[in-house]
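Under our numbering, the residue at position 81 of the sequence shown is numbered 73, and the numbers go up by one with no gaps.
Cβ coordinates follow ideal geometry from the N, Cα and C atoms, glycine included.
Keep in mind that this is a model prediction, so the values were computed, not measured.
Accompanying notes for the structure given below.
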Amino acid sequence: MGYWGYFVVGRSERPLARTEALAGVPGLLSRTAAPGGWQVWEYPGAGAGIGSMRVLARETGAPALFGYVMDGACVAVEAAAPSGDAWSACLVRNVMAGHLADGDGGLGVDDYFLEPADAAGRAVAWAAEAGHAVTAGALLAVLEAEPGTGPDGRVTEPAEMAENLFFQLLDRLGVVPL
């Protein structure tokens, strides 16, 4: 069984774990800090929700992003900006479709997540609100990556791919460099 857990990404002068938006989340672990006040926090475990990106973005005055890694094989991404704009996408779409098909809700990946091209466009706007100029093409490569190969075409191990892709997405958003 692969890794299950959340990554919380935001920008603040104080630790994200001390924000009101994340105050009710016990056991958040600081993962990394990046220039400009960007932080990545980790909350390992399956199932439990950790709050709202919109609330975190409003509180910090900066775009925020969650990545929920599922079994180490795919990632649900939810992002919001202080302007109120929010979007969701997934990494390793075909694996996410399999996870959703295992449920009994009858909804598929297209019901929950933007198509990769639409997500890339929304991510460009999110990055711009964060003060970063990025291209949709670079983001699209990550959003369309499938098991076995990364966005750069290199062969990867599927069990390691989801988390790696998430951090490649952060790099291409200009938030946390690899």
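Are threonine 24 and leucine 48 close, meaning C-beta to C-beta below 8 Å?
In the sequence shown, counting from the first residue as 1, residue 24 sits at position 32. In the sequence shown, counting from the first residue as 1, residue 48 sits at position 56. In this structure, threonine 24 lies away from leucine 48, with their beta-carbon atoms at least 8 Å apart.
Nearest CA to the CA of proline 55: which residue from Asp77, Ile42, Met62?
The count along the sequence shown starts at 1 and reaches residue 55 at position 63. Measuring from the Cα of proline 55, the nearest candidate turns out to be Asp77.
Which of the three DSSP states, helix, strand or coil, is assigned to threonine 24?
Residue mapping note: residue 24 aligns to position 32 of the sequence shown, counting from 1. If DSSP states are grouped into helix, strand and coil, threonine 24 belongs with the strands.
For serine 75, which option in Thr52, Gly113, Ala154, Glu5 has the closest C-alpha, if you only look at C-alpha atoms?
Translated into positions along the sequence shown, residue 75 becomes position 83. With distances taken between Cα atoms, serine 75 lies closest to Thr52.
Is proline 108 helix, strand or coil by DSSP?
Residue numbering aside, residue 108 sits at position 116 when the sequence shown is read from its first letter. It is helical.
Contacting residues, own chain, Cβ-Cβ under 7 Å from alanine 38 (five flanking each side not counted)
Position 46 of the sequence shown, counted from the start, is the residue given in the question as residue 38. Correct list, in chain order: Trp(-4).
Let me check understanding here. Comparing Cα to Cα, which of Gly29, Ala26, Gly59, Arg50 lies closest to isoleucine 42?
Here the question's residue 42 lines up with position 50 in the sequence shown. Ranking the options by Cα distance to isoleucine 42, first place goes to Gly59.
Work out the CA separation of glycine 98 and valine 116 for me, nearest whole Å.
Reading the sequence shown from its first residue, position 124 is the one you call residue 116. Reading the sequence shown from its first residue, position 106 is the one you call residue 98. Those two C-alpha atoms are separated by around 31 Å.
Going along the chain, which residues of its own chain have a beta-carbon closer than 6 Å to the beta-carbon of methionine 62, five neighbours each way excluded?
Walking along the sequence shown from the start, residue 62 turns up at place 70. Excluding positions up to five away in sequence, the list reads His91.
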